[in-house]
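All residue numbers for the sequence shown refer to our numbering, where the first residue is 9 and numbers rise by one. What follows is a set of notes on a single structure, which appears directly below.
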Amino acid sequence: MGKSIESLPNIDLGLAVRLRQVGITDADALIQIGAGKAWQRLLRHGWQGGIDGLLRLEGAISGVRWTQIPFDRQQELCMEAVAYSQGVC
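In structure tokens, the structure reads:
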């Protein structure tokens, strides 16, 4: 088993439990699936994470607090979220 999800920034116990419920069991799995796909999987299972949740996941993968994600990357993620919510991807 790889590094625990809770050891990543932005991942509290509640989010770690939800990630495990959707099959993302450790940090390596989260990194492999990526923030966008993990966020989509969580939403399909009833999570109410919103854009800030997507940014938390990206920050966890990047090893930084979500507030430290570069603005350009935040914009890309927001565009992905909008596309997903409109059924484009």
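Just so it is clear, CB atoms sit at the ideal spot from N, CA and C, and this is done for glycine as well.
Beta carbon of residue 65 nearer than 8 angstroms to that of residue 43: Yes, they are a contact pair.
Spatial neighbours of residue 19 in its chain, beta-carbon cut-off 6 angstroms, leaving aside the 5 residues before and after: So the qualifying residues of the chain are 13, 68.
Buried versus exposed call for residue 40 [16 or more other C-beta atoms within 10 Å across all chains shown]: The residue in question, residue 40, is exposed, as its Cβ has fewer than 16 Cβ neighbours within 10 Å.
Residue 10 beta carbon less than 8 angstroms from that of residue 35: One thing to note: residue 35 has its Cβ within 8 angstroms of the Cβ of residue 10.
Identity of the residue in 47, 30, 29 nearest residue 89 by Cα: Per the C-alpha coordinates, the member of 47, 30, 29 positioned closest to residue 89 is 47.
Proximity to residue 76 [Cα-Cα], best of 60, 91, 87: Considering only 60, 91, 87, the residue with the shortest C-alpha distance to residue 76 is 60.
Residue from 45, 78, 16 whose Cα sits closest to the Cα of residue 30: Of the candidates 45, 78, 16, 45 places its Cα closest to the Cα of residue 30.
Distance, residue 32 Cα to residue 93 Cα: Cα to Cα, residue 93 sits roughly 22 angstroms from residue 32.
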